[in-house]
Structure formats: C-alpha cells, structure tokens
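**Student:** Provided herewith is a single structure, encoded as structure tokens, for subsequent inquiry.
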Amino acid sequence: IQGVDPTALRQFDLNMESGVDNISSWQILVGAQAGENFFNPRTGEQAGESINLQGKTLQLVLTRFASDGTTTERTVRLRVVGVMETSNGERDFSIYMPLRNVQELNTWATGQRLNINRDGYSQVIVKVESPEAATSVEQAITAQGFFVFSMQSVLRSINTLFLVIQAIVGGIGGLALIVAAFGIANTMVMSIYERTREIGLMKAVGATNRDVMLIFLAEAGTIGMIGGIGGVIAGLVLGQLGGYIGQQFLLAQIAQSGGSPEGLDSLVYTPAWLPLFAIVFATMVGIISGIYPALRAIRLDPITALRYE
C-alpha cells in the first residue's frame, strides 16, 4: 500500500482498465494483478485466479502489538474506485491510498504520530517537464544526498551494455572476416589445382589472362555474396529476437520507475541501406580474397597445364 497525494495522482500517467484515476478518503486504486494476492481465510489457500476488484469494498485488518504482549485489531473499509492496466512491473501489485489515510493508520499502528518534516517520505516520484531535463534534475537531487532511480540511469546502463556487446560482436566479426577471407582464398586455390587442365584449355583456345582472372574473381565474389546474404538474414532474425528481449526488460524497468511505456517501439532499427551494404561488402571481401588465387591461375603455362594430371 502506497500513500499518495490525490491531487498529484493524475501526474502519474496512469492508464485505467476500469474506474477512475482519482481517489478521496478511504478510496483506493489497485494494480492489475492485485486481485491475485487474496486467499481464503478459512483454508489459507490463495485464490486460484485473479479477482475483479472494481467497485468492491475491501476490509483491511490491522494488528497493533502492545509492550505487554497484547494485541489490538482495527478494521478499515476501503472502496476500490479504479483498476490500473497491466504495466509489467511493480505497479501491477500496488495499492494507492490517500496519504492522510496512510498516515492515520501508521499513527494508530505505531502509537506515535509520524512527523513528515522530521522523518520524511520513503519515496518521492519526480516528474520532469521533458526527457532532456531528466539528467540535470537527477544530478541536482543526487547532489543533495539522495539515491535517484530514473530511466536515464537505466538507459545509460543499457547503452554501456550495448557498447560492450558491440565491441565483442565487432571482434568476433573481425575474426570471422579474416577466417572467411582465408577460407575463400583456400577454396579458390584448391579449385585452381583441380581445374589446371581446364585453365590450360581455356588459354589454348584463346582466353586471355584478363578473362581467366575475371572468371576466378567472379567465382570468389559469388561465394562472398552468398555468405553475405546468409549473414544478413541471420543478423535480422537474431536482431529482432534480441530487440524483443531487451524491450521486455526495458518495459519492466519503466513500470517500476513509475513511467509510462507508451511510445516505446522496437529497440532494433535497421536502415534500408545496411543489408545492401553488408552484401556488397561481403562480395568485395570475396573478390579481394580471390585476387591471389586468380593471379596464380593466369601465371599457369598453357602447355604445362594441359599436361597436368
């Protein structure tokens, strides 16, 4: 149960599944999954499914323990005036009650009046005018000695994580590029050995060194292009999968910080030119890798090549 100022409740950007988003004395707003926390007082078993609490009156039973070991119970009737939509976070299990009612119950339970000026609040939600102002506000509050949790800090952590992932993936990609280049070169060299007589025959019937080189460079480029197409398809699939996982994590963080998930689209953005660039780049790598084998092919003597077994 969280005590809030009813006049500031609308600034929470609450999306209501049913009811209204304002409360008065002894009225409450409940999260989408708050109804799953009820149990049968006779059997002690938890309810098997969520209970629709909209419009219902709940009984809140408080117990006060005295120094002599005796206990006193107090029952408070609370009216549910609204049920919030699912936020995939802490808010789904929260109950919002007017702050003065929570202070009254706290005073009764502890036997002493809560001094807000001295004891303060357990949590304060700060809403900034624009996302650009979040960092400066966070720094100002932190400078006063308070711990601040904001989506900016979450995004910074995520950005750092992505930078590390980019460095790791970039390193792996660089190694894969080198291995692929050597693989293409080795494949083309072996192809030359297997097609030595064919190369000699082409030269014997009038093929120039330029013609032979273009044939082998085209083959090497084709190998690179096929690999590039496969890499683009795999990258798009894995990117969307990783983006979905990251989006679900970010939605949960937004909900816990009291923010609204509206407007949060996919975390993965692929420019239209990027797949084409990747395929062209892979093709160029294949062509460059095929230069050495192609040079070996054009240096073959036609007579020697025709005698090769």
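In my numbering, the protein residues as written are -13 to 295.
Think of the CB as a built atom: it goes at the ideal place given N, C-alpha and C, for glycine as much as any other residue.
Are the CB atoms of residue 210 and residue 273 nearer to each other than 8 Å?
**Tutor:** Taking the sequence shown and counting its residues from 1, one reaches residue 210 at position 224. Taking the sequence shown and counting its residues from 1, one reaches residue 273 at position 287. In this structure, residue 273 lies closer than 8 Å to residue 210 by Cβ.
**Student:** Residues bridged to residue 61 by DSSP?
**Tutor:** Within the sequence shown, residue 61 is the residue found at index 75, counting from 1. In DSSP, residue 61 forms a bridge with 47.
**Student:** Do you know offhand how far residue 71's Cα is from residue -13's?
**Tutor:** Stepping through the sequence shown from its first residue, residue 71 is reached at position 85. Stepping through the sequence shown from its first residue, residue -13 is reached at position 1. Approximately 17 Å between the Cα atoms of the pair.
**Student:** Which runs of the beta strand (DSSP E) at least 3 residues long sit entirely within the segment 81 to 152? Give them in chain order.
**Tutor:** Runs of the beta strand (DSSP E) inside the segment 81 to 152: 81 to 84.
**Student:** Which residue wins for smallest C-alpha separation from residue 261, given the options 223, 288, 54?
**Tutor:** If you number the sequence shown from 1, residue 261 lands on position 275. Of the candidates 223, 288, 54, the one whose C-alpha sits nearest the C-alpha of residue 261 is 223.
**Student:** Less than 8 Å between the C-beta atoms of residue 9 and residue -8, yes or no?
**Tutor:** Stepping through the sequence shown from its first residue, residue 9 is reached at position 23. Stepping through the sequence shown from its first residue, residue -8 is reached at position 6. Yes, the Cβ-Cβ distance between residue 9 and residue -8 is below 8 Å.
**Student:** When you compare each of 267, 187, 284 to residue 214 by their alpha carbons, which one comes out closest?
**Tutor:** Against the sequence shown, residue 214 aligns to sequence position 228. When only C-alpha atoms are compared, the closest one is 267.
**Student:** Does the distance from the CB of residue 175 to the CB of residue 189 come in under 8 Å?
**Tutor:** Translated into the one-based positions of the sequence shown, residue 175 becomes position 189. Translated into the one-based positions of the sequence shown, residue 189 becomes position 203. Contact: no.
**Student:** I'd like the span of the alpha helix (DSSP H) that includes residue 271, first residue to last.
**Tutor:** Counting from one through the sequence shown, the residue named residue 271 turns up at place 285. Run containing residue 271: 259 to 275, per the alpha helix (DSSP H) assignment.
**Student:** Rank 4, 89, 46, 78 by C-alpha distance to the C-alpha of residue 19 and give the top, closest one.
**Tutor:** The residue you call residue 19 lines up with position 33 of the sequence shown. That would be 78, whose Cα lies nearest to the Cα of residue 19.
**Student:** Cα-Cα, which of 212, 150, 130 is closest to residue 170?
**Tutor:** Walking along the sequence shown from the start, residue 170 turns up at place 184. It is 212 whose Cα lies nearest to the Cα of residue 170.
**Student:** Does DSSP classify residue 3 as helix, strand or coil?
**Tutor:** What you label residue 3 is simply residue 17 of the sequence shown in a count that begins at 1. Note: residue 3 maps to strand in three-state DSSP.
**Student:** Identify, in the order they occur along the chain, each residue of the same chain with its Cβ nearer than 6 Å to the Cβ of residue 195, setting aside the five sequence neighbours on each side.
**Tutor:** Against the sequence shown, residue 195 aligns to sequence position 209. The residues are 284.
**Student:** Let me check understanding here. Comparing Cα to Cα, which of 94, 263, 42 lies closest to residue 57?
**Tutor:** As a working mapping, residue 57 is identified with position 71 in the sequence shown. Closest option to residue 57, Cα to Cα, is 94.
**Student:** Could you tell me if residue 180 is buried or exposed, where buried requires 16 or more neighbouring beta carbons within 10 angstroms of its beta carbon?
**Tutor:** Residue numbering aside, residue 180 sits at position 194 when the sequence shown is read from its first letter. Per the 10 Å Cβ criterion, exposed.
**Student:** Measuring alpha carbon to alpha carbon, tell me which residue in 258, 12, 65, 279 is nearest residue 85.
**Tutor:** Start at 1 with the first residue of the sequence shown, and residue 85 comes out as number 99. When only C-alpha atoms are compared, the closest one is 12.
**Student:** Spatial neighbours of residue 265 within its chain, please: C-beta separation below 8 Å, excluding the five flanking residues on both sides.
**Tutor:** Your numbering for residue 265 matches position 279 in the sequence shown. Closer than 8 Å at the Cβ level, and outside the excluded window around residue 265, lie 211, 214, 215, 218.
**Student:** Restricting to runs no shorter than 4 residues, where is the alpha helix (DSSP H) found entirely within the segment 141 to 226?
**Tutor:** Those alpha helix (DSSP H) runs which fall completely within the segment 141 to 226 and span 4+ residues are 182 to 190.
**Student:** Is it true that the CB of residue 66 sits closer than 8 Å to the CB of residue 45?
**Tutor:** Mapped onto the sequence shown, residue 45 falls at position 59. Mapped onto the sequence shown, residue 66 falls at position 80. Going by C-beta atoms, residue 45 is not nearer than 8 Å to residue 66.
**Student:** Once DSSP output is grouped into helix, strand and coil, what is the label at residue 15?
**Tutor:** The sequence position of residue 15 within the sequence shown is 29, counting from 1. Note: residue 15 maps to strand in three-state DSSP.
**Student:** Can the beta-carbon of residue 120 be found closer than 8 Å to that of residue 98?
**Tutor:** Stepping through the sequence shown from its first residue, residue 120 is reached at position 134. Stepping through the sequence shown from its first residue, residue 98 is reached at position 112. No, they are not a contact pair.
**Student:** Return the CA-CA distance between residue 255 and residue 228, expressed in angstroms with no decimal places.
**Tutor:** The residue given as residue 255 occupies position 269 in the sequence shown. The residue given as residue 228 occupies position 242 in the sequence shown. Their backbone Cα atoms lie some 12 Å apart in a straight line.
**Student:** Determine whether the beta carbon atoms of residue 292 and residue 183 lie at a separation below 8 Å.
**Tutor:** On the sequence shown, residue 292 is found 306 positions in, with the first residue counted as 1. On the sequence shown, residue 183 is found 197 positions in, with the first residue counted as 1. Yes, Cβ-Cβ distance for residue 292 and residue 183 is below 8 Å.
**Student:** Give the straight-line distance between the Cα atoms of residue 24 and residue 60, rounded to the nearest whole angstrom.
**Tutor:** Translated into positions along the sequence shown, residue 24 becomes position 38. Translated into positions along the sequence shown, residue 60 becomes position 74. Going by the C-alpha atoms only, they are around 19 Å apart.
**Student:** Under 6 Å Cβ to Cβ from residue 288, same chain only, skipping five residues before and after it: list those, please.
**Tutor:** For this step, residue 288 is matched to residue 302 along the sequence shown. Only 186, 189, 190 meet the Cβ criterion.
**Student:** What distance in whole Å lies between the Cβ atoms of residue 123 and residue 110, which are believed to be in contact at a cut-off of 8 Å?
**Tutor:** Reading the sequence shown from its first residue, position 124 is the one you call residue 110. Reading the sequence shown from its first residue, position 137 is the one you call residue 123. Contact flag wrong, Cβ pair sits at about 12 Å.
**Student:** Thinking C-beta only, is residue 107 closer than 8 Å to residue -10?
**Tutor:** Mapped onto the sequence shown, residue -10 falls at position 4. Mapped onto the sequence shown, residue 107 falls at position 121. Contact flag unset, no.
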